[in-house]
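Start counting the sequence shown at 0; every next residue gets the next number (numbering that gives the first Met the number 0).
Below is one structure; the comments refer to it alone.
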Amino acid sequence: MREEVRLRVMQAAEHILETGATVRACAAKFGVSKTTIHKDVRDRLPRVDAELCAQVDEVLRKNLRERHLRGGDATREKFRRLRGE
């Protein structure tokens, strides 16, 4: 694995752990696609640091369980803005 890729994998994993960021938010921060972040944390991270991978997996599973709540919040906020509240 190239050093720059390994560095991005570690930075993305640490960002997810520190902030609880979603894959989408992490991808936006690092300027890569969601697919790249998924590949980084699912395929590459276990080869770099298995313990960190388990911790990141826990955060991603939590985000997956809560995504329906964030979607509802986003929709509510959108319509509040449209009504001018």
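Note that CB positions come from ideal geometry on N, CA and C, so glycine has one too.
As the structure is a computational prediction, the values presented were derived from the model and not from experiment.
- Secondary structure at A20: coil, using DSSP grouped into helix, strand and coil.
- By the C-beta density criterion, A73 is exposed, having fewer than 16 other C-beta atoms within 10 angstroms.
- Measuring C-alpha to C-alpha distances from E3 to each of R23, L16, F29, R41 identifies F29 as the nearest.
- Inter-residue distance for T21 and L59 is about 7 Å (C-alpha atoms, whole angstroms).
- Residue environment for D42: exposed (fewer than 16 other C-beta atoms within 10 angstroms of its C-beta).
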